[in-house]
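Chemist: Residue 19 in the numbering used here sits at position 18 of the sequence shown; the count goes up by one each step and never skips.
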Amino acid sequence: MNGDVVAATMKRLRSQVPIMLLSAQEPLPKNTLRSVDCFLSKSQPSKTLLATLQNLLEGRSKPFFSRWLESWRQRNQ
Numbered sequence: 002m003n004g005d006v007v008a009a010t011m012k013r014l015r016s017q018v019p020i021m022l023l024s025a026q027e028p029l030p031k032n033t034l035r036s037v038d039c040f041l042s043k044s045q046p047s048k049t050l051l052a053t054l055q056n057l058l059e060g061r062s063k064p065f066f067s068r069w070l071e072s073w074r075q076r077n078q
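1. So, with DSSP's three-state summary, where would you put L29?
2. Which residues in the same chain as S42 place their Cβ atom closer than 8 Å to its Cβ, once the five residues preceding and following it in sequence are excluded?
3. Kindly indicate which three-state DSSP category S36 falls into: helix, strand or coil?
4. Under 8 Å, do S47 and K12 count as touching if we go by C-beta distance?
5. Can you grab the Cα-Cα spacing for the pair M21 / G60, in whole Å?
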């Protein structure tokens, strides 16, 4: 299975999960990147990988229940 096929399947099942595609091939066709949140070349240094992962994970929104619970706790302090 190709990475873009796996990414499309994962997004269909869990759209909130961020997906980074790593590939040694550059440039990739636009339709390959359709289901991923970011692309990183395998030739990039490891510090770029770590920074990209951090940005990707920080950008995720919290699940609805977590947001609701935080809001409820703030109102009831």
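Yeah, the Cβ is synthetic: ideal placement off N, Cα and C, and Gly gets one too.
Modeler: From the atom records:
1. Here residue 29 refers to the residue found at position 28 of the sequence shown. In this structure, L29 counts as coil in the three-state DSSP scheme.
2. The residue you call residue 42 lines up with position 41 of the sequence shown. Closer than 8 Å at Cβ, skipping near neighbours: L23, S24, A25, E27.
3. Counting from one through the sequence shown, the residue named residue 36 turns up at place 35. It is coil, neither helix nor strand.
4. By one-based count along the sequence shown, residue 47 stands at place 46. By one-based count along the sequence shown, residue 12 stands at place 11. Not closer than 8 Å, so no.
5. Residue mapping note: residue 21 aligns to position 20 of the sequence shown, counting from 1. Residue mapping note: residue 60 aligns to position 59 of the sequence shown, counting from 1. Roughly 13 Å between the two C-alpha positions.
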